Structures are given as structure tokens and as C-alpha cells.
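**Q**
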Amino acid sequence: MTQSANNKIGKAYLVGAGPGDPGLITVRGMEILKKAEVVIYDYLAGKKLLRHVPENAMLIYAGKKGGVKHTHTQDEINKMLVDWVKAGKKVVRLKGGDPFIFGRGGEELEELVAAGLPFEAVPGVTSASAAATFAGVPITHRKHTASVAFITGHEDPNKKESNIAWDKISTGVGTLVFYMGIKNLESITSNLMKHGRDPQTPVAVVRWASRPNQKSVVGTLETIARIVREQDIKPPALTIVGDVVKLRDTINWYEERPLFGKRIVVTRTRDQASELVALLEENGANCLEFATISLQPPDSWDDLDAALDKLQDFQWIVFTSINAIHPFFERLYGRGLDSRALSHCKIAAVGRVTDECLRTYGIVSDLLPEKFTGEGMAESFEERGVKGDKILLPRALKAREILPERLAKAGAEVTVVPVYQNKRPDSFEGMHEKLLANLRDRQVHMVTFTSSSTVTNFIEMLGITDTLELQSLMQGVKVAAIGPITAKTVRKVGLEVDVQPDVYTIPAMVDAIVDEALSQKHNQK
Ligand code: SAH
1193 MTQSANNKIG KAYLVGAGPG DPGLITVRGM EILKKAEVVI YDYLAGKKLL
1243 RHVPENAMLI YAGKKGGVKH THTQDEINKM LVDWVKAGKK VVRLKGGDPF
1293 IFGRGGEELE ELVAAGLPFE AVPGVTSASA AATFAGVPIT HRKHTASVAF
1343 ITGHEDPNKK ESNIAWDKIS TGVGTLVFYM GIKNLESITS NLMKHGRDPQ
1393 TPVAVVRWAS RPNQKSVVGT LETIARIVRE QDIKPPALTI VGDVVKLRDT
1443 INWYEERPLF GKRIVVTRTR DQASELVALL EENGANCLEF ATISLQPPDS
1493 WDDLDAALDK LQDFQWIVFT SINAIHPFFE RLYGRGLDSR ALSHCKIAAV
1543 GRVTDECLRT YGIVSDLLPE KFTGEGMAES FEERGVKGDK ILLPRALKAR
1593 EILPERLAKA GAEVTVVPVY QNKRPDSFEG MHEKLLANLR DRQVHMVTFT
1643 SSSTVTNFIE MLGITDTLEL QSLMQGVKVA AIGPITAKTV RKVGLEVDVQ
1693 PDVYTIPAMV DAIVDEALSQ KHNQK
């Protein structure tokens, strides 16, 4: 790599990514990430964070999975960092947890200093802190401990002279947290006991702290190594030793959430999945996003354009999906018009979300049916009477005909114009193998469907051709459907519906999923 042409010198940013939950990076860390030109990231730096990196930034995986052959040696990483900064780039070195806590952040900065290059360092939430918080173990507590030590568990147990003062830490420090200690757990615990720590001291081991797949086990100094072996707990995990571990019995909030550890498949489009995923995750679910739909523009705008030409003719515009609103207004804006061009007509929204979306365009809808479906909408119109009204219905290219049919029957003149189409995504990005494997291994708790096409596309994308095959793959897997139409499609393909909310919204669907999980838990007790 050569120095940049204009001799612009870049800058390195050593950023702590936190323990894995993408919400746990610092505000400063996120600001920097959003402006990155090159990102060199580690195995433990939560991948979800990379979504915030500008699209044209270069992503370099530095590897470093404990025990597995490193993708790049530390020397190579140092060199890459120096070279990219010299090439004039804003280089983010993204590390799991805090870069200065067992992160070799110091070594990388020393290289930059030696090369005379500018840098900034941003701390992160270290995994010890996250593991303690998310396992319900306050790392210090006035009644139990006044001191805490972070210790590497990576030291070769056969080393003649240890760098760890076992005689001092065993009894001299209240809470001990071992990083990278799973392989050596046996020798760590026996060292502590040998040097005077009570064998009954409680110990927690927490794997993938703060992530939806977090797993923790508890024992004592005497028993924990066996428990970890039996439960097959693998790195990355932290070992917390001390009386504070007992407090977990009272405050284990994270793992007590109703959907904790449950694998839930979300089939919405990538753009729309976020609300559902966020709400499910807040309740502890471990979501797998499998987008079965991608929203595309219609093949032609002619129909919409023709309708916009005679906008004055319409008494009503009806939005049956949030997906129709954005393209409709974009096209309207394209003519130099805005929502004032709709001032002469009334506007109907199928549900609360559609209503809220319209408000962002400066429109408060005139009609919101009691039931958030096409049928509900038809009923409302029938009650009002629409004889002779001209109604514009911008919607998906392929959609159910029930609403326009009933409106026409009630005497309205309905103009249906496609403003988007639901397509099956072309690329599965490896997700379909992952989902199939999860289903075959009986790891999936539930699949959520938010429209009929998510159901049919799901089946097609998995390459399933007959009902028996589908039923056997989905055996033991619960199904949630957002509303009656989706539920009907689920039954038509040969599956049963376990969860269906009364109101057809995402929050209501999540509430229903949570209720189902709680009642199941209750029954198990
Ligand atoms: N700089 C990092 C630590 C890197 S050392 C930090 O501040 O957290 C790598 C070790 O950190 C792993 O072997 C494991 O012991 C621990 N670790 C990192 N992320 C973890 C997580 N999400 N859950 C549990 N342990 C984690």
C-alpha cells in the first residue's frame, strides 16, 4: 500500500464494541463507526454493529477465535492498521468488550505511536461487566465484597512460574472474574482452593453474555469444572467467583424474561422486520431473520400516473398497507405536488400503523376501521355508504380482491393501482441452509407469519413440495399468525396456528407470543 496521492494522513480509532448486544457500544463508538472507511473487526465484536458502517467502507475480518487458528497474526493486524492509516483512511479497529482489557489494544496503539500516526481510543463495556449484569450478579455489593479482579485464565497451567499471584488473589480479593478461562477451569479452581479459597464459594460461568444465545451455569469452586464439562460450555465465557454469585437467585432478570433462549423465526421483509425483532428480543427471544419478501416497485407506474392525472375525481383514497404510502407520495412529490393536492378527498387507513405513517405525510386519516383487515375496511365503508363515490386504492400488484369487490358491490367506483409488489428475495445469503439446519435440529421454538405471502414464500424458499414434508419439518414448532387471513393460509398449507392476536398489529402479536410462553411456563411449574 502506498501513501495516499494527496498525502492525506488518515486516523486510527481503537473502538470497544462492547460485549455483543449492539446497543452496548458507546455513543462515541457509534459516531465513529458511522464514518468509517476501513473497519478491522474481531471475532468477538458483535457483527450486528457492522450494519452501521457506511456501505462503501471496507470490512476486514481479523479473526482471533480462541483456540482456532487466527485469521491474521497480531503482527499482520498491526501492519494493516498502520498501512491503512498511512493510505489516508479513517480506520476503525473494532474490538470486543473494552480494547484495553485483554484486548491487546495497548500493543496496537504502541505500533501507531511508533509509526507517528494519529489515533483516538474509545472504551467499551467489558464482557465481565456485561456477564455480571446479564447473569444477575452484581460484581460488587456492599454486603458481600469490596474488591474485584479481572484475571486472564489463558495462562498455561504447566508454566513453572505463574504471573498470577494465586496466593494473594485467592483470599485477598472479593470477586474474581476470569477471562478466557474455560479450557483451564479445572486448574483455576484447584489453584484457588489450594491457596485458601473456600471450596463452597459460588461460581457462575456465563457464555455469550448479553447476546440472545447467552447461557450460564452456576456451581461452586468444587463443582463448576464438572458442570461446565457436562453442559458442554464452550468459549467465549467468563467465570465469576465470589459470594455475589448468590444474588443471582434474587435478581436474575435477563434470563427470566419470558422468551429467553427461544429461537423465533421472523419472515418479514428486512426493512419491516426490525420492530418485530426488537420487541421479541426485548422479551428475550433469539430471533432468526429469514426475509421471505422483498418490496419492489411495480413493473410500471402508468396506472398510478393516470390516477394522479385525475386526482380531483376521487372522493376517497384508501391505504391498506404502510407499503403503499411511501411510493404513492414519492410519485406525487415527483410532480411537484404534496399532500395539499389531496385536500379535497377523504383518506382511509387500514390500521394504526398505516394511520401513523400517514401522519408523517401531514395527513390524519378520516376512517380507521375497527378491525384492521380488508374486511374490516369494507364493513366500515358499507356502514357509511359509498354509493357513487370514486375510490382510489393504491396497493400491492397482487392482493386480495375482497375490498375492491365489496366496495364495488356497495356502489362505489373503485380504481385499483399497483404501487409496489411483493417479491420473493432472489438471494438467500445462506440463511436458508441455516434455517433448515435449525429446524432439523429441533432448535426452533416458533415461526412468525405476518401475511399470507410470508407463509407461501417461506415454504417455497425452503424448497418444500409436499404437506407431509412440511409437517415433519415443523413438528414441535409453534406458529404465530398476525391475523385471520394469514392464519387461514397457515391452515391451508397444513399447519396449525398456535398464536393469533385479537388486534392485527405487531405489538399485539408479540404480546400474544409472550402470553403463550408464560402460560406454557406456568403449566410446567
Ligand atoms: N476485550 C474483551 C476481552 C477479550 S479476551 C473484553 O473487554 O471483554 C476474550 C475473552 O473475553 C473470552 O475468552 C471470554 O472469556 C471473554 N468474553 C468476551 N466477550 C464475551 C461474551 N459476550 N460473553 C462471555 N465472555 C466473553
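Start counting the sequence shown at 1193; every next residue gets the next number (our numbering).
Cβ coordinates follow ideal geometry from the N, Cα and C atoms, glycine included.
Please read these numbers as outputs of a predicted model, since none were measured by experiment.
(1) Exposed or buried, Ser1645, counting other C-beta atoms within 10 Å across all chains shown (16 or more means buried)?
(2) Please classify Arg1527 as buried or exposed, where buried requires at least 16 neighbouring CB atoms within 10 angstroms.
(3) Closer than 7 Å to a non-hydrogen atom of the ligand SAH - does that hold for the CB of Ile1293?
(4) Mind listing, in chain order, the continuous beta strand (DSSP E) runs of no fewer than 3 residues lying wholly within the region 1390-1415?
(5) Hey, quick one: how far does the alpha helix (DSSP H) through Cys1549 stretch, first residue to last?
(6) When you compare each of Ala1254, Pro1610, Asn1383 to Pro1349 by their alpha carbons, which one comes out closest?
(7) Quick one: what's Ile1343 bridged to in DSSP?
(8) Can you give me the C-alpha to C-alpha distance between Thr1337 and Ala1228, rounded to a whole angstrom?
(9) Where does Gly1388 fall in DSSP's three states?
(10) In this structure, how does DSSP classify His1637 when only helix, strand and coil are distinguished?
(11) State the DSSP-derived secondary structure class of Arg1455, mapped to helix, strand or coil.
(12) Within 7 Å: the Cβ of Pro1315 and any heavy atom of the ligand SAH?
(13) When we look at the beta-carbon of His1637 and count the other beta-carbons within 10 Å, is it buried (16 or more) or exposed?
(14) By the three-class DSSP mapping on this structure, what secondary structure does Ala1477 have?
(15) Check Ile1380 in the structure and name its three-state DSSP category.
(16) Whole angstroms are fine: how far does the CA of Asn1475 sit from the CA of Val1284?
(17) Pick out the complete alpha helix (DSSP H) segments inside the region 1526-1614, 4 residues or longer, and give them in chain order.
(18) Touching or not, the region 1408-1424 and the region 1279-1297, by the rule of three or more beta carbon pairs under 8 Å?
(19) At which residue ranges does the region 1264-1314 contain complete alpha helix (DSSP H) runs of 4 or more residues, listed in the order of the chain?
(20) Just to confirm, does Arg1403 get its C-beta within under 7 Å of one of the non-hydrogen atoms of the ligand SAH?
(21) Is Gly1259 helix, strand or coil when you go by DSSP?
(22) For a quick check, are the C-beta atoms of Leu1216 and Val1329 less than 8 Å apart?
(23) Indicate the three-state DSSP secondary structure (helix, strand or coil) for Val1331 in the structure shown.
(24) Which residues mark the beginning and the end of the alpha helix (DSSP H) in which Leu1430 is found?
(25) Run through the DSSP bridge pairs and tell me what Asp1234 is partnered with.
(26) Use the C-beta contact count for Glu1300: other C-beta atoms within 10 angstroms, 16 or more gives buried, fewer gives exposed.
(27) Take the Cβ of Arg1460 as the centre, count every other Cβ of all protein chains shown within 10 Å, and call the residue buried at 16 or more, exposed below.
(28) Specify the secondary structure class of Ser1492 as computed by DSSP and reduced to three states.
(29) Cβ of Val1636 within 7 Å of any heavy atom in the ligand SAH?
(30) For Thr1697 versus Gly1543, is the C-beta spacing smaller than 8 Å?
(31) Considering only heavy atoms of the ligand SAH, does any lie closer than 7 Å to the CB of Thr1381?
(32) Kindly indicate which three-state DSSP category Val1702 falls into: helix, strand or coil?
(33) Met1250 bridges to which residues according to DSSP?
(34) The ligand SAH and Pro1427: does the residue's C-beta get closer than 7 Å to at least one heavy atom of that ligand?
(35) Determine the direct distance from the alpha carbon of Pro1490 to that of Leu1480, and round the result to whole angstroms.
(36) For the ligand SAH, is there any heavy atom lying closer than 7 Å to the beta carbon of Val1398?
**A** Taking the definition as stated:
(1) Position 453 of the sequence shown holds residue 1645. Buried, by the Cβ-count rule.
(2) As a working note, residue 1527 is residue 335 in the sequence shown. Around the beta carbon of Arg1527, a 10 Å sphere encloses fewer than 16 other beta carbons of the protein chains shown; the residue is thus reported as exposed.
(3) Here residue 1293 corresponds to residue number 101 of the sequence shown, with the count starting at 1. Yes, since a heavy atom of the ligand SAH falls inside the 7 Å radius drawn around the Cβ of Ile1293.
(4) Entirely contained in the region 1390-1415, the beta strand (DSSP E) runs reaching 3 residues are, in chain order, 1394-1399, 1407-1412.
(5) What you label residue 1549 is simply residue 357 of the sequence shown in a count that begins at 1. Taken as a continuous stretch (DSSP letters only), the alpha helix (DSSP H) holding Cys1549 covers 1544-1551.
(6) Within the sequence shown, numbered from 1, the residue matching residue 1349 stands at position 157. Comparing alpha-carbon positions, the option among Ala1254, Pro1610, Asn1383 lying closest to Pro1349 turns out to be Asn1383.
(7) Working through the sequence shown from its first residue, we reach residue 1343 at position 151. Answer is Phe1370.
(8) Sequence index remark: in the sequence shown, residue 1337 carries index 145 (1-based). Sequence index remark: in the sequence shown, residue 1228 carries index 36 (1-based). Using only the alpha carbons, I get a separation of about 41 Å.
(9) Residue numbering aside, residue 1388 sits at position 196 when the sequence shown is read from its first letter. In the structure shown, Gly1388 sits in coil (DSSP, three-state: anything other than H, G, I, E or B).
(10) If you number the sequence shown from 1, residue 1637 lands on position 445. DSSP places His1637 in strand when its eight states are reduced to three.
(11) Within the sequence shown, residue 1455 is the residue found at index 263, counting from 1. Strand, per DSSP.
(12) As a position in the sequence shown, residue 1315 is number 123, starting the count at 1. In this structure, Pro1315 has its beta carbon at no less than 7 Å from each heavy atom of the ligand SAH.
(13) By 1-based counting over the sequence shown, the position of residue 1637 is 445. Around the CB of His1637, 16 or more other CB atoms lie within 10 Å, so the residue is classed as buried.
(14) Working through the sequence shown from its first residue, we reach residue 1477 at position 285. Ala1477: coil per DSSP, three-state reduction.
(15) Translated into positions along the sequence shown, residue 1380 becomes position 188. Helix at Ile1380.
(16) Translated into the one-based positions of the sequence shown, residue 1284 becomes position 92. Translated into the one-based positions of the sequence shown, residue 1475 becomes position 283. For Val1284 and Asn1475, the distance between alpha carbons rounds to 32 Å.
(17) Counting whole runs of 4 or more residues, the region 1526-1614 contains the alpha helix (DSSP H) stretches 1544-1551, 1566-1576, 1594-1601.
(18) Because the criterion of three Cβ pairs below 8 Å is not met, the region 1408-1424 and the region 1279-1297 do not touch.
(19) Runs found: 1266-1278, 1297-1306.
(20) Numbered from 1 along the sequence shown, position 211 holds the residue referred to as residue 1403. Yes, the Cβ of Arg1403 comes within 7 Å of a heavy atom of the ligand SAH.
(21) Counting from one through the sequence shown, the residue named residue 1259 turns up at place 67. At Gly1259 the pLDDT is 48, less than 50, meaning the model places this residue with poor confidence; the figure from the coordinates comes in the next sentence. Coil at Gly1259, not helix or strand.
(22) Here residue 1216 is taken as the residue at index 24 of the sequence shown, counted from 1. Here residue 1329 is taken as the residue at index 137 of the sequence shown, counted from 1. A distance of 8 Å or more separates the beta carbons of Leu1216 and Val1329.
(23) Position 139 of the sequence shown holds residue 1331. For the record, residue 1331 in the displayed sequence is Ile; it is not Val. Note: Ile1331 maps to coil in three-state DSSP.
(24) The residue given as residue 1430 occupies position 238 in the sequence shown. That residue, Leu1430, is in no alpha helix (DSSP H); its beta strand (DSSP E) goes 1429-1433.
(25) Position 42 of the sequence shown, counted from the first residue, corresponds to residue 1234. Bridge partners of Asp1234: Gly1255.
(26) Taking the first residue of the sequence shown as 1, we reach residue 1300 at position 108. Buried, by the Cβ-count rule.
(27) Against the sequence shown, residue 1460 aligns to sequence position 268. Buried, since its Cβ has 16 or more Cβ neighbours within 10 Å.
(28) Against the sequence shown, residue 1492 aligns to sequence position 300. Residue state, collapsed to three classes: coil.
(29) The residue you call residue 1636 lines up with position 444 of the sequence shown. No.
(30) Within the sequence shown, the letter at position 505 stands for residue 1697. Within the sequence shown, the letter at position 351 stands for residue 1543. Yes, they are a contact pair.
(31) Your numbering for residue 1381 matches position 189 in the sequence shown. Answer for Thr1381: no, Cβ out of range of the ligand SAH.
(32) Counted from its first residue, the sequence shown places residue 1702 at position 510. Secondary structure of Val1702 (DSSP, three-state): helix.
(33) In the sequence shown, the residue the question calls residue 1250 occupies position 58. In DSSP, Met1250 forms a bridge with Val1230.
(34) Translated into the one-based positions of the sequence shown, residue 1427 becomes position 235. Short note on Pro1427: C-beta closer than 7 Å to some heavy atom of the ligand SAH.
(35) Taking the first residue of the sequence shown as position 1, residue 1480 is located at position 288. Taking the first residue of the sequence shown as position 1, residue 1490 is located at position 298. Leu1480 and Pro1490 have their C-alpha atoms roughly 29 Å apart.
(36) Start at 1 with the first residue of the sequence shown, and residue 1398 comes out as number 206. Checking every heavy atom of the ligand SAH against the Cβ of Val1398, one is found closer than 7 Å.
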